[in-house]
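When you read off a place in the sequence shown, starting at 1, and then add 316, the result is the number in the working numbering.
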Amino acid sequence: MRSRLAVSAVLLLGTALLGGCSTTVHMEPAADANNPLCADVVVSLQNTSTLAGQDRRWTDAQATAAWGEESSAILLTCGLDKPAPTAELQCVTLEGVDWLVDASETPYVRLTTYGREPAVQMYIDTGVVSSNDVISNRGIVGAITSIPADGNCTSPDELPQDYDPDAGN
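Structure (structure tokens):
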């Protein structure tokens with residue numbers, strides 16, 4: 317009986333210690349986070365335990381995902397309104413997905429899918445990871461393309477596979 321109690325105490329302590337090492341990332345769900353297509357995105361991401369060298373973390377909001385240490389280098393939110401056409405933001409196409417690029421908070425880059433409803437947004441700390449490595453990741457591309465495209469950029473910048481916006485090429 318004593319050994320069972322000791323084993324139980326060790327297991328509880330180990331669980332508490334492991335849980336303490338990985339805090340949950342607080343995020344806000346998008347307005348359309350309960351869209352079934354966002355559920356498809358999140359299910360598609362189940363096998364993406366690492367992204368651009370960053371480990372996946374738990375989030376506390378529906379239709380969200382996060383990767384990275386305490387600062388969360390990569391945040392994903394599904395369920396945003398479909399962006400309207402704009403001349404203010406650069407539109408790029410990579411791996412068949414159109415992205416509006418907002419670099420106004422450098423080194424953070426906000427990438428929002430264009431021509432897909434609901435929209436998916438990636439918020440990436442380019443001081444930690446390359447945004448190209450994130451949006452060209454097979455898991456991310458598969459998740460995003462589970463939302464059918466119903467439009468595209470009129471004249472997107474086609475990015476080569478080795479494009480790295482953080483390096484200025």
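Cβ atoms here follow ideal geometry from the backbone N, Cα and C, with glycine treated the same way.
None of the values given here were measured: they were computed from a predicted structure.
Thinking C-beta only, is residue j closer than 9 Å to residue i?
i	j	result
T375	L396	no
V372	A379	The sequence given here has Arg at residue 372, not Val. No, these two residues do not count as a Cβ contact at 9 Å.
E411	V358	no
L405	Y439	no
T442	Y430	no
R426	V413	no
Here's the rule I'm using: 16 or more other beta-carbon atoms within 10 Å means buried, otherwise exposed. How should residue i be labelled?
i	result
Q370	buried
P399	buried
G467	exposed
S388	buried
A403	exposed
G384	buried
P401	exposed
Less than 8 Å between the CB of residue i and some heavy atom of the ligand PLP, yes or no?
i	result
G369	Among the components of this structure there are no ligands whatsoever, and the ligand PLP is therefore not found.
Does DSSP classify residue i as helix, strand or coil?
i	result
A419	strand
A355	helix
I463	coil
V457	helix
V450	helix
L361	helix
C469	coil
D376	coil
T442	coil
Y430	coil
A435	strand
D397	coil
L405	coil
T340	coil
D348	coil
A389	coil
Y479	With a pLDDT of 49 at Y479, under the threshold of 50, the predicted position of this residue should be treated as unreliable, though the coordinate-derived value follows. Coil, per DSSP.
Query raised in the report: Are the stretch 357-373 and the stretch 414-421 touching, with three or more C-beta to C-beta distances below 8 Å?
Result: The answer is no - the stretch 414-421 does not touch the stretch 357-373, with fewer than three Cβ pairs under 8 Å.
Query raised in the report: Does the stretch 336-352 come within contact of the stretch 386-403, defined as at least 3 CB pairs closer than 8 Å?
Result: They touch, by the three-pair rule.
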